[in-house]
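Going down the list, the protein sequences come from chains A and B. Going by the numbering used here, the first residue of the first sequence is number 92, and it counts up by one from there. Going by the numbering used here, the first residue of the second sequence is number 69, and it counts up by one from there. Note that CB positions come from ideal geometry on N, CA and C, so glycine has one too. Heads up: the structure comes next, in structure tokens.
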Amino acid sequence: MKEKQQNFRLYIPIYLVVATIYIIAGFIEPTFLSWNNNVNLFTRITPLILAGMAQTFVILTGGIDLSIGAIIGLTNVVAASLPYINTPLNIILWLFIPPLFGLGAGLINGVIIAKKGLPPLIVTLATSAILLGITLFIMPIPGGTVSLSIALLLTGKLFNIIPVPLLIFSFVIFIGHFVLRKTEFGRSLYALGGNETIAYESGISCTKVKILVYGISGLLGSFAGMFISGWMFSADPLIGEAYVLNSIAVAVISGTRLSGGKGGVVGIIGGAYIFYLLNNILNLLGIISFYQYIAKGLVLIIALVISSPITSFNWRNYLSRDIQR
Amino acid sequence: MAVATSTEKKNISLKMEGIVKSFPGTLAVDNVDFICKKGEIHGLVGENGAGKSTLMKILGGIHRQERGKVSINDKEQHFRNYSEAREAGVGIVYQELSLLPDLSVAENIFMGIWAKKGKFIDWDEIKTKSKEILNEININLDPEELVETLPVALRQMVEIAKVLTQNPEIIIFDEPTAALSKDEVTRLFRIIKKLKETNKTIIFISHRLTEVLDISDIITVMKDGKVVVTQRKEYFTEDKLISAMVGREFSKIFPRKTNQIAQEKLFSFDTVLDKFQKRVAFSLFKGEVLGIGGLQGQGQIELLQSIFGLGESASQKIMISGEEIRVKNPSQAIQSGISLIPEDRNSEGVFLILSILQNVTAATIDRRKKVGLIDKQKEKEEVNEITSKLTIKMTSYHQIAQSLSGGNLQKLVLAKWLLSNPKVIVMLEPTKGVDVGTKQQIYTLIRELAKEEVAVIVYTSEMIELIGICDRVLVMNQGFLTANFQGKDITEEKIMKASVSNVDILAKEKR
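Put into structure tokens, the structure is as follows:
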């Protein structure tokens, strides 16, 4: 019990911010609080939550996945290029082929990073260019479509009450939390991000963990790509671009330390809300898109400053490291 | 104390008064006064973590004191960085060599203070000047030679030359003899004495007490951040120095050794170290505490790390309980019952940003599972048990490791490895930078482990630990195991002799 309290206490500030935004928005525009508007919001933040979670897992190990956007783009295009007539076989194909692409791309990232010891930043930047090329080869301009029943299901309501996107992201976050807390793999992620040398010398198989974590990132990215295809009822090869920065921002806002070892997935829903609502507010205020880019960048930097070691830790601890040598 | 006369005052080159410096969890230097005179060699001794290095780093401008003042030649100084201290006349010859091996002797000597002709570096000038400085300390060396090709002793001389280019008033030698042979030490001492004659102030830090007694005019002993005593060297004997350093009598710090060791061979190791290309083999009995001694950098760390699967050489052979095992990486080592307490706790021991629980369980995550998942209840119990056994001071096990003191951090590392139930536990410098209380606790723990029939291998650079805790001591010298002492044979003299003697002579004697 005590441990749980400890874990969740970390996320209180994030959800306080979300609550504050809700209250202010409700005052300005009462329809904001309406169920319909919220159902709409669930749909819009689902891909952001999926991408944010992919990024969080990777960042926890001390890595980063810049190819998440390209993976979302690729799987989005693949999902919308498959046969879309409503047959059971087609639906099965739609369910399994895009994740294979996502998982495959992620595992390739992981193998290059782990086996060759190359920096994730550059490797994923390079693979993201390759994936974008493949995506544009498959579908140069927005188009394609998915089966109608999939589209209706993804943005619909279960038993006409529970919005499916809410179910999807709650389930995924629950699984993510479970994996981080209860499995050997989850523990290893933190150890790896805490200090790779020590993790290795503690008998943790760093190579395996790294390959797996990029694979999971790719898989979650493909879920985001698939969801977008159902939601938009078509695909856009460049849809993923924005998710690179957005996923990092969500991970950082939700309390994950950029250099790894600290954080979790429980804050992600809050992080995604904050980031999305901020965009939304800027939109409503009629602010032109290039100011929005500036605002997004600033939010990321502010989140980093707030959570950076220099402000949240005693700086002396850092100095004392080189003394012991 | 008598009032200093004006001539005496004039002779004082360095005055450090009431210096205080703390690091998280430790008061590294606690209200220290330290005074040196011109033309005097001032020995500074103390155990690791006594505060010598911190004090010298304050003098060298690397750390800033929290309180107290530093004056050089009666002028108060406030160093903000290393170069300000250098300009004020403080030169430090470091123990770990700070030279760049790919550059020439001359380039190293004049690194950062290049002589220039117009906008360009004047190489001729640098070469002639390097030659001059090297001649000054009687070293015949081509300034164009690459540092890489020089033996350690000569590199040390280059290091000294480098410091001399800045024409310092105060020269600090931080363990300069650690890697030198006896002849080389004599040569170094000749240089130091020559520097003394030019009226420089010399501060000499060393763990080798005989050398300190030999060369110093005056000796200061530090312990736990405080100065214990400052006296002229005639006052001291080696025993007096040791008891001042340790602060209590020898027999009281160390637990009693067991008289009998089970004669059952538990572990044997046979390898050829890549670095030295020499065969090394030894074995251990159940419940034996084996010390590995010798000067620093003689291959001890490489040897012991290779037992744990770090930097394995192709030809190694490890046997545990009569069975040959393969250790290619730490994971295999842990599974075979081998643990390693690393030398540098901050970079290899503790996950500083992770919690106590995450740290303690890191080596055994895979061992507490219920239907494939981590058994949190069992985990909690084990962590509670081991942390209270080792008396780790903490508020809860969710506390972040970073906030613990050095002693508690080391206990955290020990806790982690004890949970893995090792049969053989290798400890590299297990008491480095921890307080005396924790040291004593670690010694007791080592004895307890031995009682539980664990074989313990200890590498320590502290002679008194080798003597105090080990049942048997092997001395390593240039990649060779040169001696094997047991029982009453474990003495400082014998270990020292085996450590510094020429390896080839020893090899011949063996034949």
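Where residue i meets chain B, residues with beta-carbon distance less than 9 Å
i: Y113(A); result: The contacting residues do not exist; Y113(A) stays about 30 Å from chain B at best.
i: A161(A); result: Correct list: empty, because the minimum Cβ distance to chain B is about 31 Å.
Strand pairing of residue i, partner residues [DSSP]
i: F353(B); result: K333(B)
i: K184(B); result: I189(B)
i: I109(B); result: I270(B)
i: C104(B); result: L82(B)
i: N545(B); result: F548(B)
i: T215(A); result: DSSP lists no partner for T215(A).
i: V340(B); result: R347(B)
i: E392(B); result: M387(B)
i: E306(B); result: Per DSSP, none; premise fails for E306(B).
i: Q554(B); result: R540(B)
i: D406(B); result: The identity of residue 406(B) in the sequence shown is Ile, whereas the question assumes Asp. Answer is V492(B), bridged to I406(B).
i: P254(A); result: K248(A)
Nearest-angstrom Cα separation, counted from residue j out to residue i
i: L123(B); j: V97(B); result: 7 Å
i: L410(A); j: Q133(B); result: The pLDDT assigned to L410(A) is 40, lower than 50, so where the model puts this residue is not dependable, and the model offers no usable value.
i: L74(A); j: A333(A); result: Beyond the ends of chain A as shown, which are 92 and 416, falls residue 74(A); an answer cannot be given.
i: N408(A); j: G351(A); result: Low confidence applies to N408(A): its pLDDT is 40, below 50, so where it sits in the model is not reliable enough to give any reading.
i: W406(A); j: V502(B); result: Low confidence applies here, because W406(A) scores a pLDDT of 39, under 50, leaving its location unreliable and the question unanswered by this model.
i: P190(A); j: A363(A); result: 23 Å
i: T69(A); j: L257(A); result: With chain A covering only 92 through 416, there is no way to say anything about residue 69(A).
i: R586(B); j: M225(B); result: For residue 586(B) there is no data in the structure shown, the boundaries of chain B being 69 and 579.
i: K385(B); j: V395(B); result: 9 Å
i: I140(B); j: L82(B); result: 5 Å
i: V632(B); j: T288(B); result: No answer is possible for residue 632(B): it lies beyond the span of chain B, which begins at 69 and ends at 579.
i: L157(A); j: Q546(B); result: 48 Å
i: S415(B); j: N286(A); result: 8 Å
i: I339(A); j: V109(A); result: 18 Å
i: S172(B); j: V158(B); result: 24 Å
i: T215(A); j: N200(A); result: 6 Å
i: V297(B); j: I270(B); result: 18 Å
i: C104(B); j: I160(B); result: 15 Å
i: P323(B); j: K308(B); result: 22 Å
i: K578(B); j: E279(B); result: Caution applies to K578(B), whose pLDDT of 49 falls short of 50 and renders its modelled position unreliable; the model cannot decide the point.
i: G354(A); j: L151(A); result: 7 Å
i: C538(B); j: N552(B); result: 12 Å
i: R416(A); j: N167(A); result: Its pLDDT being 28, under 50, R416(A) is placed unreliably in this model, and the value from its coordinates should be taken loosely. Cα to Cα, R416(A) sits roughly 51 Å from N167(A).
Per-residue contacts from residue i into chain B (C-beta, under 8 Å)
i: T274(A); result: G440, L441 and I442
i: T288(A); result: S415 and E416
i: K207(A); result: Result: empty, since nearest Cβ-Cβ is about 18 Å, beyond 8 Å.
i: G346(A); result: Within 8 Å Cβ-Cβ: nothing; G346(A) doesn't reach chain B, min ~13 Å.
i: G358(A); result: The premise fails here: G358(A) is roughly 17 Å from chain B at the closest Cβ pair, so nothing lies under 8 Å.
Contacts of residue i in chain A (Cβ-Cβ under 7 Å)
i: P410(B); result: E292
i: D434(B); result: E275
i: L480(B); result: What L480(B) touches in chain A: nothing, since even the nearest Cβ is about 11 Å away.
i: I402(B); result: G294
Nearest residue (CA-CA) to residue i, options the options
i: K264(B); options: I283(B), K250(B), H275(B) and K556(B); result: I283(B)
i: V481(B); options: S351(B), T455(B), V492(B) and L371(B); result: T455(B)
i: E356(B); options: F337(B), T217(B), I228(B) and K325(B); result: K325(B)
i: T274(A); options: Q509(B), G555(B), V439(B) and I109(B); result: V439(B)
i: V428(B); options: P244(B), L487(B) and H146(B); result: L487(B)
i: V252(B); options: G119(B), V220(B) and S567(B); result: According to the sequence displayed, residue 252(B) carries Glu and not Val. When only C-alpha atoms are compared, the closest one is V220(B).
i: M387(B); options: H131(B), V215(B), D338(B) and L248(B); result: D338(B)
i: L223(A); options: A196(A), Y291(A), I204(A) and V202(A); result: A196(A)
i: F324(A); options: S380(A), L373(A) and I241(A); result: I241(A)
i: T432(B); options: I295(A), I372(A) and G361(A); result: I295(A)
Amino acids of chain A, ordered along the chain, whose beta-carbon sits closer than 9 Å to that of residue i
i: P219(B); result: Here the premise fails: no neighbours, minimum Cβ distance about 24 Å.
Contacts that residue i makes with chain A (C-beta to C-beta distance below 8 Å)
i: I406(B); result: Those within 8 Å of I406(B) in chain A number zero; the least Cβ separation is about 10 Å.
i: P398(B); result: Y291, E292, S293 and G294
i: A431(B); result: S293 and G294
Cross-chain neighbours of residue i in chain B, by beta carbon under 7 Å
i: Y281(A); result: L422 and Q426
i: K353(A); result: I421
i: G153(A); result: Residues of chain B passing the Cβ test: none, with the nearest at roughly 11 Å.
In chain order, what are the residue ranges of uninterrupted beta strand (DSSP E) at least 3 long that sit wholly in the segment 164-200 of chain A? none
Ordered list of alpha helix (DSSP H) runs contained in the segment 264-339 of chain A, each at least 4 residues: 275-285, 287-292 and 297-323
Ignoring anything shorter than 4 residues, give me the alpha helix (DSSP H) runs that lie fully in the segment 483-544 of chain B, in order along the chain. 504-519 and 531-537
Ranges of the alpha helix (DSSP H) found wholly within the segment 219-250 of chain B, counting only runs of at least 4: 220-232
What are the uninterrupted segments assigned as alpha helix (DSSP H) that are 4 or more residues long and contained completely in the segment 117-165 of chain A, given in chain order? 126-151
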